[in-house]
Each structure stands twice: as C-alpha cells, then as structure tokens.
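This report refers to the structure that appears directly beneath it.
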Amino acid sequence: MRYISTRGGMAPLEFSDTILMGLAPDGGLALPERYPQISRAQLDAWRGLSYADLAFEIISLFATDIPAVDLKDILDRTYTAEVYGSAAITPVKRLHDGLVILELSNGPTLAFKDMAMQFLGNLFEYVLAKKGEQLNILGATSGDTGSAAEYAMRGKQNINVFMLSPDGLMSPFQRAQMYSLQDANIHNIAIRGMFDDCQDIVKAVQNDHAFKAKYKVGTVNSINWARIVAQVVYYFKGYFNATASNDEQVSFCVPSGNFGNICAGHIARQMGLPVQRLIVATNENDVLDEFFSSGKYAPRGTANTWVTSSPSMDISKASNFERFIFDLVGRDGAQVKALWAQVDSGNGFDLAANLGAVREQFGFVSGKSTHADRLATIRAVDAEDGVVVDTHTADGIKVAREVRLPGETVVCLETALPAKFADTIREALGRDAPRPDGFDGLEDLPQRVTVFDADAAAVKAYIEQTLA
Ligand SMILES: *Cc1c(COP(=O)(O)O)cnc(C)c1O
C-alpha cells in the first residue's frame with residue numbers, strides 16, 4: 001500500500017515514511033492510493049477477535065512495509081488490559097432508549113486520543129530505531145492532545161517531547177496530568193500567554209528550517225496518518241460490540257473538532273464496514289455542521305472561535321476535513337488544491353452541488369449542541385441511566401437523539417471521561433464527577449515545568465540546551 005497527497009503533488013510513499021511526515025510537500029494530507037475492501041468472509045472472521053488481533057488485521061492492510069511479526073508485537077504491547085482497564089479495551093454500554101455508548105476513554109489520559117497515541121508511541125520508537133533516527137516532538141496544547149502525546153512518548157528511546165501550554169490556563173487536573181510526569185524525555189514548557197501564542201511559537205520554530213532539520217523537530221498532531229489508521233480499528237470493534245450479526249447496520253455519532261475521529265469512520269465505511277450514517281456533532285463552533293447542512297465551508301479565525309465547555313471541539317478550521325473532500329470530489333487532487341487555495345485566501349468554498357453525494361453516497365449528516373444542551377444532556381443521562389458523561393460526549397448524545405431515525409442503531413463515541421471537566425459537571429449535577437481509580441491526589445504530586453514569555457527564541461534556546 002502506498003500513499004499519495006490530497007493535492008496530487010507527491011510521489012507515492014511507503015507507510016513508514018508517511019507517518020513521520022507532517023503535511024505532504026505540496027501542502028496536502030497523505031491518504032492511501034485506494035482503500036482496502038473488506039469481504040463478508042473477512043468480517044465474519046474478525047467478529048470474535050480480541051482488540052489487538054483485530055487491530056493487527058486492519059492495520060496490516062495499511063502498514064505494508066512493516067514486517068507482520070513486528071507489527072503484531074507493537075499492537076500486542078499497545079492494546080492491553082493494563083493500559084485500558086479491561087480486556088475489552090473499548091466496551092459498550094446501552095442507554096434506556098437504545099443509544100449505544102462506545103467507551104474510548106479508559107486509557108491513561110482519559111480521552112479517546114490515547115487510543116491512537118499509545119500506538120504512535122510504540123510505532124515511532126520502532127520506526128526510529130530501524131532508521132537510526134531521533135525525533136524531537138514539539139507541540140502546543142490546551143489540554144487533551146498534549147497529555148495524550150506525553151503519556152504515549154514517555155520513556156521512549158530516541159524521542160523527546162517539548163510541549164507548550166498556556167501558563168495557568170488549563171484546568172488543575174490537566175496541569176497535574178502533564179506536569180507531574182518525571183520522565184527525562186518529557187519537557188513541559190508553560191508560556192505566559194494564550195494557546196494561540198503557544199501555537200505561534202511552534203509555527204515559528206517549524207519555519208526555521210535549519211533549526212528544524214538540525215534538531216529533528218517533528219509533530220504528532222491530528223493529521224498524522226498513523227493516528228487515523230489506529231482509529232479505524234475501533235469503528236470495526238464498536239460495530240461488532242453493538243450488533244449481534246454482520247447482517248446489521250449501525251450509525252456512528254462523533255463529537256468533532258479537527259475531523260480526525262470521524263475521518264477514520266469514513267474510511268471504515270469506505271472499506272465496507274456496514275455503516276448506515278456518520279453523524280457529525282459540533283458545539284457552538286459549528287463550521288462542520290454548516291458544511292454538512294448547506295455545502296458551504298467557511299473556516300473562521302480565532303476571533304470568531306468561541307471558548308466553550310466542550311473545549312476540545314473549539315475548532316473552526318478542521319485540519320482533516322481535506323481528506324474527506326478529496327474523496328467527495330472523486331479524488332481529484334487538482335480540485336482539492338484549488339479549493340484550499342480559496343480556504344487560504346479566507347473565502348472558503350461552496351460544494352452545495354455535491355450535497356446529495358455527501359448524504360447518499362457517503363452517509364454524512366450533522367447537528368450542533370450548545371452549553372445549555374450539554375448541561376441538559378448530562379443531567380438527563382445521569383437521571384435516566386445513572387451514567388455521568390463528559391461535555392463532549394454529551395454534545396454527541398444530544399445530536400444523536402435529535403437526528404436518529406426509527407429503528408436506527410446509533411453508536412455514540414465517548415471522547416473523554418467527565419473527571420477531566422470538573423467545573424461543567426459540577427454546574428450540571430451539583431456534585432463532582434466520578435474519578436477513575438488511580439487519579440486521587442493527582443494534583444498534589446510534584447510538578448515539573450519551565451515557564452517562559454511568549455518568545456520563540458527562548459524556546460529554541462531551551463531545546464538546544466536540553467539536547468546538548
Ligand atoms: C480531540 C477531541 C475531540 C475532537 O476530535 P477530532 O478528531 O479533532 O474531531 C472531541 N472530544 C474530545 C474530548 C477530544 O479530546
């Protein structure tokens with residue numbers, strides 16, 4: 001299997017090269033030349049597999065340049081009951097109205113990003129050792145991504161993580177999660193500024209091509225192809241867990257921001273998983289809902305992006321969306337390139353003429369949720385089912401209930417646990433969210449963090465010193 005760019009300007013690459021790359025050289029995103037097609041016989045054979053074995057079957061279709069025995073070893077070490085709390089890895093629960101919740105947040109940082117990031121940690125360590133290379137991951141986080149990356153990369157050979165976060169702006173729980181890590185290869189940098197200042201520093205360092213090459217600076221952001229591929233697995237697993245036979249269909253409802261999670265659902269459906277519909281749920285930052293209801297994609301700037309109580313969805317430019325559009329326009333790289341030229345010039349684009357295909361051929365629908373909806377949904381699910389859901393998952397449940405058709409089985413993806421969003425849970429329920437075992441006293445652990453002004457030069461000097 002080889003990989004091409006959504007903008008049509010990249011010579012095909014192998015999997016191992018694709019995963020260490022950020023954007024393709026032409027500014028596009030990597031996708032396989034074609035999606036593997038899963039037969040009914042394969043689906044039948046896969047239904048009873050463990051999570052790690054299923055992951056092996058699926059990922060080996062994409063990671064064709066990694067020897068099977070090595071990939072198997074990586075996956076067996078990644079998807080363990082020890083890391084994810086149960087042998088099921090991604091168990092499901094059913095609410096009273098038949099809605100299915102697929103639990104994806106039982107990993108070390110209590111959000112679904114662990115599902116892919118834990119794999120990435122082991123995969124990177126393996127690939128870097130093979131190539132004899134080093135990687136220094138530089139990232140900016142306002143919460144979930146940074147901690148998932150740090151817990152995935154801690155203690156890994158030939159990898160350092162430099163993670164920027166806005167000083168004092170994350171929740172005490174999120175801060176403690178990241179800053180309490182004592183591993184020598186994890187470097188927390190708090191910036192006196194906002195998330196955007198952190199992001200700007202990362203961009204400035206990346207644009208210093210000499211520095212970037214000298215210090216092997218890379219990223220693990222949501223466009224990383226290995227993250228998408230790892231996420232495809234839980235759509236299959238979720239389908240098997242939610243159904244009794246492969247004659248059934250399900251729909252998935254996904255709280256969305258950068259479109260990474262639901263992009264994996266789209267790929268699973270293209271591979272032949274019996275998915276009826278893919279339901280995109282947004283919060284008040286609803287550029288994706290706007291596209292899926294009107295065909296108009298109009299990304300917004302920071303000034304028009306609201307800070308909400310489902311903060312990991314506060315995104316107004318969905319970086320993985322280009323992968324879906326590539327498929328929607330018949331994999332025409334030249335057209336994608338033209339569309340993103342319009343996006344970059346601030347105009348967005350209008351594909352209203354393709355809305356029929358979006359619905360019928362690709363099965364997409366959408367809906368949005370607000371702070372009031374979130375609170376009401378958290379209260380209702382607690383009262384009716386005795387389950388406390390987090391704010392992002394609540395957005396998904398709200399939208400799923402709104403758009404569900406008679407007889408449709410909808411699987412809602414749980415993207416985080418409520419313990420991470422204590423303030424909103426207290427606002428909704430008047431009490432604290434349950435904390436999973438092992439997290440008591442997290443905030444009292446010693447913390448390791450270096451604070452700088454919002455100054456790229458200071459961060460570069462720190463990286464230089466640390467790696468010297
Ligand atoms: C990252 C994240 C999302 C959004 O996922 P995308 O892949 O960016 O669409 C939703 N909920 C939570 C809790 C997240 O951490």
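In the UniProt record's numbering, the protein residues as written are 1 to 468. Glycine included, each C-beta is placed from N, C-alpha and C at the ideal position.
Beta-carbon proximity of residue i to residue j, cut-off 8 Å
| i | j | result |
| --- | --- | --- |
| Leu351 | Gly295 | yes |
| Cys263 | Phe349 | no |
| Val275 | Gln249 | yes |
| Asp196 | Thr308 | no |
| Pro299 | Val343 | yes |
| Gly193 | Ser165 | no |
| Asp65 | Phe124 | no |
| Ile101 | Cys412 | yes |
| Gly272 | Gln447 | no |
| Phe439 | Val365 | no |
| Asp382 | Leu429 | yes |
| Pro12 | Glu33 | yes |
| Thr466 | Leu104 | no |
| Leu328 | Asn347 | no |
| Arg94 | Asn246 | no |
| Asp314 | Gly367 | no |
| Ala99 | Ala400 | One detail in the question is off: residue 99 reads as Leu in this sequence, not Ala. It is a contact, given that the beta carbons lie within the stated cut-off. |
| Phe211 | Phe259 | no |
| Leu417 | Ser180 | no |
| Leu20 | Leu29 | no |
| Thr18 | Trp340 | no |
| Gln231 | Tyr35 | no |
Presumed contact (8 Å Cβ cut-off) between residue i and residue j, rounded CB distance
| i | j | result |
| --- | --- | --- |
| Phe173 | Glu443 | 7 Å |
| Phe362 | His266 | 7 Å |
| Pro311 | Gly143 | 6 Å |
| residue 475 | Val92 | No statement about residue 475 is possible, as the shown extent of the chain runs from 1 to 468 and does not include it. |
| Lys72 | Phe56 | 5 Å |
8 Å Cβ cutoff, residue i in contact with chain B
| i | result |
| --- | --- |
| Phe240 | The structure shown has no chain B; it contains just one protein chain. |
Cut-off 8 Å between Cβ atoms - residues of its own chain near residue i, not counting five sequence neighbours on either side
| i | result |
| --- | --- |
| Thr450 | His187, Asn188, Ile189, Ala190 and Tyr462 |
| Asp432 | Ala422, Ile425 and Arg426 |
| Gly168 | Ala190 |
| Phe236 | Trp46, Leu54, Ile58, Ala268 and Leu273 |
| Asp70 | Tyr126 |
| Arg2 | Pro12, Leu13, Glu14, Pro32 and Glu33 |
| Leu49 | Glu57 |
| Pro434 | Val388, Pro418 and Ala419 |
| Phe452 | Ile189, Ala190, Ile191, Arg192, Ala458, Val459 and Tyr462 |
| Ala129 | Gln157 and Asn158 |
| Asp44 | Asn246 |
| Pro25 | Ser5, Gly9 and Met10 |
Neighbourhood of residue i by C-beta distance below 7 Å, restricted to the same chain and skipping five residues each side
| i | result |
| --- | --- |
| Glu408 | Ser251 and Gln276 |
| Ala456 | Ile201, Ala204 and Val205 |
| Gln177 | Thr109, Ser147 and Leu442 |
| Gln199 | Ala140 |
| Ala87 | Ala81 |
| Glu402 | Gly367 |
| Arg404 | Val410 |
Chain-order list of residues whose beta-carbon lies under 6 Å from that of residue i (same chain, five-residue window excluded)
| i | result |
| --- | --- |
| Phe421 | Asp390 and Thr391 |
| Ser316 | Asn285, Val287, Pro299, Arg300 and Thr305 |
| Asn238 | In the sequence as presented, Asn is not what sits at residue 238; that position holds Gly. Correct list, in chain order: Leu102 and Val411. |
| Gly155 | Asp183 |
| Lys337 | Arg7 |
| Ser345 | none |
| Lys398 | Ser369, Asp373 and Thr377 |
| Lys216 | Gln134, Leu135 and Asn136 |
The segment 213 to 233 in contact with the segment 248 to 256 per 3-pair CB rule at 8 Å: no
Stretch pair the segment 275 to 285 + the segment 157 to 173: three plus CB contacts closer than 8 Å: no
Sufficient close CB pairs (3 or more, under 8 Å) joining the segment 1 to 10 to the segment 320 to 334: yes
Three or more C-beta pairs below 8 Å linking the segment 101 to 113 and the segment 140 to 157: yes
Any heavy atom of ligand 1 within less than 6 Å of residue CB: hits in chain order: Ala111, Lys113, Asp144, Ser222, Pro255, Ser256, Gly257, Asn258, Phe259, Gly260, Asn261, Ser312, Met313, His392, Thr415 and Ala416
Inter-stretch contact (C-beta, 8 Å, three-pair minimum) for the segment 153 to 169 and the segment 132 to 140: yes
Meets three-Cβ-pair contact criterion under 8 Å: the segment 380 to 389 and the segment 69 to 78: no
Cβ contact check for the segment 118 to 132 and the segment 78 to 88: 3 or more pairs under 8 Å: yes
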